[in-house]
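Everything below concerns the one structure shown next.
Chains as they are written, first to last, in this note's numbering: chain A, 5 to 487; chain B, 5 to 487.
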């Protein structure tokens with residue numbers, strides 16, 4: 005065992021960059037070495053390998069079930085948008101047109117109008133609704149789409165900023181503003197639940213400032229997470245559009261009172277970016293650490309001394325038993341050494357490892373090692389599935405607590421721009437009062453190097469004035485450096 | 005009841021074209037009126053509305069489970085392919101380059117190389133494998149991707165021929181040719197199983213002629229189905245590539261004997277086209293008829309005389325009971341008349357309707373009407389879920405038998421080109437011997453108006469010579485007019 009442990013250590017040291025030396029390089033090493041990603045021949049386009057894609061499938065499964073429970077239906081919209089359609093909503097086109105990919109030829113024929121590969125699909129949903137929504141009986145429309153979108157970014161990184169990324173985009177249309185607003189809030193809460201209860205990522209819920217909101221939205225709500233390096237990652241957003249798009253696309257319905265009205269709209273999305281968030285929240289110098297609820301492999305069973313009679317059979321039996329209990333388990337019976345396997349599955353972030361050797365079998369036990377560390381634990385092979393489930397819950401809780409401590413201990417209050425700058429340089433979130441003027445927000449960027457992450461729902465009165473301009477403060481804002 | 009029935013009839017007559025008068029228009033009417041599809045602003049790009057997309061989700065669920073049981077893993081490849089990558093395999097690029105959509109601008113910047121929106125992803129998988137496959141230990145790679153692809157078709161129709169369509173594309177890489185060939189055959193059988201046991205569509209399994217095979221394949225296998233109008237629909241294909249792509253992309257691995265070898269490759273796909281097949285196989289003049297296994301709504305419960313006390317409650321109770329038994333059931337408690345509802349859910353192809361009125365409730369029964377017709381059936385409310393499951397199986401079997409009869413009664417043997425022409429004009433599949441020369445295949449198209457659908461696995465010796473040229477016959481071929 006000692007030998008295996010040392011081998012594992014050696015392997016790690018030579019394989020990935022120390023996260024405290026170069027966090028960006030550590031991240032790149034992890035996504036490649038854990039086989040989440042391969043680079044394609046085009047900048048900013050990534051191949052999601054089976055292990056990476058499987059994380060996404062698990063996230064999809066959680067969200068898709070929740071969306072449907074709340075009455076949403078999935079649809080499929082075209083991948084291309086005519087330029088004229090994209091231009092119908094003024095703010096929206098200004099936000100997206102500079103960063104879309106344009107299709108100009110179909111086969112050998114030059115197209116009469118350029119078509120962009122969708123960067124988001126508000127315009128497509130509106131165009132469709134304009135065809136099919138006529139009466140209050142046709143509302144609400146509660147739609148969602150799982151797809152990929154393209155945004156021609158200048159700097160790119162796997163998961164965090166791709167020219168292509170996968171996401172879900174929810175789009176809903178409602179009779180009243182109140183109903184649409186409630187939907188916006190409800191879906192933000194679905195995202196918060198995903199982060200907290202499935203990904204073990206604590207969140208700050210809040211509203212974006214006008215400067216940071218989605219192109220075309222009246223209000224954008226966000227869940228912001230703090231990464232290991234104390235930077236912020238926007239992990240899910242929910243937008244309230246009012247009736248702006250409905251007016252631009254001439255969507256009207258006959259209401260119960262027999263008058264024509266414009267409906268109210270929302271959209272909300274979570275993307276594969278959140279996998280980047282998982283990596284940067286929980287990962288360590290041995291590689292990936294996956295929250296058990298979305299880990300493709302929750303438990304790896306490693307037989308020790310496989311040449312001894314009965315070891316492989318016992319390992320198979322243990323694996324089958326866990327599988328039957330609904331646990332995602334993998335038996336590693338390859339011909340590599342146990343030490344190599346330990347390092348390999350640590351790199352891949354498997355939450356729990358079970359070791360099983362001849363003496364364990366004789367004693368009717370196996371030995372569990374949590375990816376979150378701590379002493380190894382001897383588990384009775386009787387009722388092992390229950391013990392394993394309980395250890396997986398424990399791993400989830402330990403991950404959440406560690407991340408929550410990181411957020412708590414690195415959130416500071418500032419009462420001057422200078423103080424904000426010093427705190428931001430140290431790393432972390434800065435809470436500071438704000439007057440609501442965009443000018444002060446721009447100054448914060450210029451002078452303190454931070455952007456507004458959100459106006460948290462949970463407000464605290466930490467001062468009377470905006471420290472930037474001295475005018476009366478309207479909100480407490482969380483500032484930080486964002487991915 | 006009589007009144008409801010008449011209303012339903014009236015509604016149908018005014019709503020959709022008679023399928024025996026104009027089958028193409030009937031098809032278009034059904035996809036629109038059953039709310040499967042809406043037209044987008046771009047020719048050949050369709051919106052799959054919730055009801056249509058839900059059929060696809062049910063098909064996905066069947067296939068995805070089966071793929072995974074057989075050891076396949078899902079991945080995500082880029083949506084764009086550099087022109088130089090597409091050109092690496094000669095036959096492949098000749099087949100696809102004329103019909104792809106080209107991205108030439110990213111934002112305002114003209115791209116140094118054109119990128120096509122993927123028409124299929126063989127080249128992307130090969131490029132990735134070239135990076136990651138080094139040893140026999142890395143094989144097999146058993147991958148699948150769910151995505152949309154683009155092909156710039158001239159004539160387009162919903163489901164049957166879109167410039168964009170959704171599909172799954174399986175791509176696998178193997179140590180030996182035998183293993184790859186076995187995979188090709190296995191996956192064709194998965195498709196046959198989908199058609200027969202889930203979609204109630206009988207199939208002819210066979211191999212495509214060289215003229216009809218996939219661009220770049222050594223062999224293409226197909227399941228062909230006969231539609232109501234006796235035309236053929238290719239419903240799933242599986243391709244064996246040999247090592248042609250591996251050589252073109254320089255994918256090599258060190259085998260167990262320590263020598264460098266080229267691996268062998270397959271791909272296989274089913275697309276949303278198969279939904280067109282379901283519609284054209286089972287639909288009738290009342291609209292869509294959905295096979296129960298993939299119907300989004302398997303059972304609709306319609307309360308009759310809802311103003312009477314206890315009716316809505318009893319209908320809700322019945323609905324809940326069926327739902328608890330795992331049946332996809334919908335209660336239609338809207339304020340429309342029962343007759344309108346009957347017609348509406350017939351149009352949408354719901355396999356089973358349950359009517360529940362005050363007298364039924366008193367008698368402890370409900371009344372079942374199968375979408376496939378026949379007398380209404382009185383079901384006891386005790387054990388109703390079991391009765392309903394049995395009726396759903398019955399609907400499946402009735403659909404399969406009807407389609408199988410259509411295939412059997414409209415498949416004919418021909419012994420001359422003239423006879424083949426006459427039979428084809430009458431409608432149906434024509435079985436005829438063939439020498440194996442492409443020249444004769446072209447003559448069959450010119451003189452009999454048919455193309456080769458496949459060389460069936462189940463061969464019969466119906467003659468010694470190829471009736472086109474008189475030379476010795478090699479195979480029996482099924483000929484027909486295809487979608």
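The C-beta atom is built at its ideal place from N, Cα and C for all residues, glycine as well.
Everything numeric in this text was worked out from a predicted model, so none of it was measured.
Measuring straight from C-alpha to C-alpha, what distance separates residue i and residue j?
i, j, result
"residue 257 of chain B", "residue 181 of chain B", "14 Å"
"residue 96 of chain B", "residue 219 of chain B", "5 Å"
"residue 437 of chain A", "residue 471 of chain A", "7 Å"
"residue 227 of chain A", "residue 59 of chain B", "33 Å"
"residue 418 of chain B", "residue 450 of chain B", "16 Å"
"residue 128 of chain B", "residue 177 of chain B", "13 Å"
"residue 5 of chain B", "residue 392 of chain B", "Low per-residue confidence applies at residue 5 of chain B: pLDDT is 32, beneath 50, and the placement is therefore not dependable, though the value from the model is reported in the following sentence. Cα-Cα distance, rounded: 21 Å."
"residue 44 of chain B", "residue 271 of chain A", "20 Å"
"residue 267 of chain B", "residue 483 of chain B", "34 Å"
"residue 420 of chain B", "residue 234 of chain B", "20 Å"
"residue 22 of chain A", "residue 207 of chain A", "26 Å"
"residue 184 of chain B", "residue 242 of chain B", "11 Å"
"residue 247 of chain A", "residue 269 of chain A", "6 Å"
"residue 83 of chain A", "residue 348 of chain B", "31 Å"
"residue 480 of chain B", "residue 443 of chain B", "16 Å"
"residue 155 of chain A", "residue 433 of chain B", "48 Å"
"residue 106 of chain A", "residue 106 of chain B", "8 Å"
Just reading off the beta strand (DSSP E) that residue i is part of, what are its end residues?
i, result
"residue 1 of chain A", "Any property of residue 1 of chain A remains undetermined from this structure, which presents chain A solely from 5 to 487."
"residue 297 of chain A", "Premise fails: residue 297 of chain A is in no beta strand (DSSP E) and is neither H nor E."
"residue 209 of chain A", "208-211"
"residue 223 of chain A", "223-230"
"residue 457 of chain B", "455-460"
"residue 438 of chain B", "433-438"
"residue 130 of chain B", "It is not in any beta strand (DSSP E) - residue 130 of chain B instead sits in the alpha helix (DSSP H) that spans 126-136."
"residue 97 of chain A", "Looking at the DSSP string, residue 97 of chain A is not in any beta strand (DSSP E); the run it does join, the alpha helix (DSSP H), is 94-100."
Which class does residue i belong to by DSSP, given the choice of helix, strand or coil?
i, result
"residue 417 of chain B", "strand"
"residue 2 of chain A", "Nothing about residue 2 of chain A can be read from this structure; chain A reaches only from 5 to 487."
"residue 487 of chain A", "coil"
"residue 280 of chain B", "helix"
"residue 342 of chain A", "helix"
"residue 83 of chain A", "coil"
"residue 445 of chain A", "helix"
"residue 424 of chain B", "helix"
"residue 52 of chain B", "strand"
"residue 172 of chain B", "strand"
"residue 324 of chain B", "helix"
"residue 331 of chain B", "coil"
"residue 257 of chain A", "strand"
"residue 482 of chain A", "strand"
Less than 8 Å between the beta carbons of residue i and residue j, yes or no?
i, j, result
"residue 460 of chain A", "residue 468 of chain A", "no"
"residue 209 of chain A", "residue 221 of chain A", "no"
"residue 149 of chain B", "residue 172 of chain B", "yes"
"residue 300 of chain B", "residue 55 of chain B", "yes"
"residue 375 of chain A", "residue 293 of chain A", "yes"
"residue 383 of chain A", "residue 319 of chain A", "no"
"residue 237 of chain A", "residue 174 of chain A", "no"
"residue 120 of chain A", "residue 98 of chain A", "no"
"residue 31 of chain A", "residue 168 of chain A", "no"
"residue 306 of chain B", "residue 345 of chain B", "yes"
"residue 278 of chain A", "residue 239 of chain A", "yes"
"residue 76 of chain A", "residue 204 of chain A", "no"
Over the uninterrupted alpha helix (DSSP H) stretch that includes residue i, give me the two end residues.
i, result
"residue 245 of chain B", "Taken as a continuous stretch (DSSP letters only), residue 245 of chain B belongs to no alpha helix (DSSP H), being part of the beta strand (DSSP E) at 236-246."
"residue 307 of chain B", "Run containing residue 307 of chain B: none in the alpha helix (DSSP H); it sits in the beta strand (DSSP E), 303-307."
"residue 363 of chain A", "362-367"
"residue 29 of chain A", "27-37"
State whether the region 102-122 of chain A contacts the region 244-255 of chain A, with contact taken as three or more CB pairs (one from each stretch) at a distance under 8 Å. Contact between the region 102-122 of chain A and the region 244-255 of chain A is absent, because fewer than three Cβ pairs lie under 8 Å.
Would you say the region 387-403 of chain B touches the region 423-432 of chain B, given that touching needs at least three Cβ pairs under 8 Å? At 8 Å Cβ cutoff, the stretches do not touch.
For the 8 Å Cβ check, are there 3 or more pairs between the region 136-144 of chain B and the region 116-123 of chain B? no
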